[in-house]
Amino acid sequence: MSILITGGAGYIGSHTCIELLEAGFNIVVADNLCNSSREALKRVEKLTNKTIPFYPVDVRNQKAMTDVFKAHTIEAVIHFAGLKSVGQSTQMPRTYYDNNVIGTLKLIEVMEQFDVRHLVFSSSATVYGDPSTVPITEDMPTGATTNPYGRSKYIVEEMLKDISIADDKWNFTILRYFNPVGAHKSGQIGEDPKGIPNNLVPFIAQVAVGKREQLSVFGDDYDTKDGTGVRDYIHIVDLAEGHVAALKTHRQDSGLHIYNLGSGTGSSVLEMLKAFEKSCGKTLPHAIQPRRPGDIAECYADPAFAQKALNWKATHTIEAMTDDTWRWQSGNPNGYES
Ligand code: NAD
Ligand code: UDP
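Take 2 as the starting number for the sequence shown in the working numbering and just add one per residue.
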């Protein structure tokens, strides 16, 4: 029996592959490599001393996906495959709905054909929109999303709810990630954004390695501890372990399960910058700029439900997140092309 990992060559997928292999699961990866590199999986194989069956296919290609299900006995699917850039989604909404929504629907159709009913879905804290209070619990309202990327995640969540109500054989786990950062402690795999990074920590890492001149801090007039935006940064290895815990907990279940995967701690932009400066041993140039449109002041999880139900907890500190990012970035200044 194997776990099929769609998008397994990507940032979260590759780290989750390591944790699954180390937990004794067999895995199969399907990824069209539109935002990742084959090299990531080769490094996972080296680190774990295991071979990963890999299919360079698009999840929307049902014929190719059928062949994957025919070739392996699949027990469950962790569905990472999707597009994730908020900015790009506003430019190319159709592409985002097609990849993220239609892609998931087509995957579920193939799963049903093979009577594989266990799916773990990558959702996002973005489904909460601008929360009325923090920390955010799973029962807080969702749907007030501000861009096509966020809406694609919200639509898939609603779709999974409807499907599980109509057919109680389905076993869906929705994981709402907060802000994944960091890298595997080996420094061999990490986040490798294409072009100019949108996210804070990859941007700071590129300033530290000399690829970008300075960090733009988007706003210092928010109602937060130091005026800059506050987010819940979670170490990628904690996040990956959350998937293993979710998979194990709900192996024999049915129905719909929803969890926040966050650390429960809010950190500001300036706190992250300071931590990174300590990790890399340099002062990093930065300038205060106007707020980024669509940004919210503060967002962090209440992870209590996941901690209790999954017997899982994020344990890595902010320092570990920036140390590990720096190890990866400085060792691989050009990502997997180094
Ligand atoms: P990523 O881009 O590194 O990984 C996604 C992977 O999916 C890539 O390897 C890409 O090549 C592949 N892919 C995309 N569309 C595909 C398709 N149609 N068929 C096959 N493969 C396809 O992104 P990530 O950060 O690892 O994110 C994984 C998932 O988690 C995504 O669904 C993303 O939306 C979600 N998520 C990410 C974050 C974050 O901050 N990184 C936060 C919340 C949710
Ligand atoms: N941010 C910033 N400069 C950047 C990128 C991000 O000041 O170059 C801020 C952003 O305004 C937010 C925080 O860093 O307050 C996290 O942003 P990111 O895009 O990483 O995550 P998200 O906003 O999607 O939670």
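Think of the CB as a built atom: it goes at the ideal place given N, C-alpha and C, for glycine as much as any other residue.
query                                                                                                                                                             : result
Using only the heavy atoms of the ligand UDP, determine whether one of them is closer than 6 Å to the beta carbon of Phe173.                                      : no
Within the present structure, is the beta-carbon of Val60 separated from the nearest heavy atom of the ligand NAD by less than 6 Å?                               : yes
Can you give the Cα-Cα distance for Met322 and Val218, rounded to whole angstroms?                                                                                : 19 Å
Looking at the structure shown, is Asn180 part of a helix, part of a strand, or coil, going by DSSP?                                                              : strand
In or out: Lys154 buried (at least 16 other Cβ within 10 Å) or exposed?                                                                                           : buried
Counting beta carbon pairs with one atom in the segment 259-277 and one in the segment 50-59, are three or more of them shorter than 8 Å?                         : no
Please indicate yes or no: does the CB of Leu201 lie closer than 6 Å to some heavy atom of the ligand UDP?                                                        : yes
From Ala184 to Gly9, what distance separates their C-alpha atoms?                                                                                                 : 15 Å
If the criterion is Cβ atoms closer than 7 Å, does the pair Ala241 and His16 meet it?                                                                             : yes
For Gln207, report the span of its alpha helix (DSSP H) as first-last.                                                                                            : 201-209
Going by C-alpha distance, which of Asp221, Thr127, Arg213 is nearest Arg293?                                                                                     : Asp221
For the putative contact between Cys18 and Val29, defined by C-beta atoms under 8 Å, what is the C-beta separation to the nearest angstrom?                       : Rounded, the Cβ-Cβ distance is 10 Å, inconsistent with contact.
How about Ile103 and Ile6: do their beta carbons lie closer than 7 Å?                                                                                             : no
Is the beta carbon of Leu257 sitting closer than 7 Å to the one on Ser165?                                                                                        : yes
To the nearest angstrom, how far is the alpha carbon of Glu46 from that of Leu106?                                                                                : 30 Å
Using only alpha-carbon positions, find the residue among Tyr150, Gly14, Thr143 that is nearest to Leu42.                                                         : Gly14
Are there any heavy atoms of the ligand NAD lying less than 6 Å away from the beta-carbon of Gly230, as far as the coordinates show?                              : no
Skipping 5 residues on each side, what residues in its chain have a beta carbon closer than 7 Å to that of Leu201?                                                : Val270, Met273
Is it right to say Ile156 is buried, meaning 16 or more other beta carbons lie within 10 angstroms of its own, or is it exposed?                                  : buried
The ligand UDP and Arg177: does any heavy atom of the ligand fall closer than 6 Å to the residue's C-beta?                                                        : no
By the DSSP assignment, the beta strand (DSSP E) with Val78 in it spans what residues?                                                                            : 75-80
Who are the Cβ neighbours of Val381 in its own chain at under 6 Å, not counting the five residues just before and after it?                                       : Since the first residue shown for the chain is 2 and the last is 339, residue 381 is missing from the structure and cannot be characterised.
Can you check the segment 105-186 for any beta strand (DSSP E) of at least 3 residues that lies completely inside it and give the ranges in chain order?          : 119-125, 172-178, 180-182
Gly14 lies in the beta strand (DSSP E); which residues open and close that run?                                                                                   : Where Gly14 is concerned, there is no enclosing beta strand (DSSP E), although the alpha helix (DSSP H) it sits in stretches over 12-23.
Can you find the residues in the same chain that come closer than 8 Å, C-beta to C-beta, to Asp296, ignoring five residues on each side of it along the sequence? : Phe219, Gly220, Gly230
How about Gly211 and Ile235: do their beta carbons lie closer than 7 Å?                                                                                           : no
Can you list, in chain order, the residues of its chain whose CB lies under 7 Å from that of Asn100, leaving out five sequence neighbours each side?              : Gly83, Leu84
Beta-carbon within less than 6 Å of Gln330's beta-carbon, same chain only, minus the 5 sequence neighbours each way: which residues are those?                    : Ala206, Val210
When burial is assigned at 16 or more other CB atoms within 10 Å of the CB, is Met112 buried or exposed?                                                          : buried
In chain order, what residues of the same chain lie with their CB nearer than 6 Å to the CB of Phe179, ignoring the 5 residues before and after it?               : Ala126, Asp233, Ile235, Gly263, Ala302
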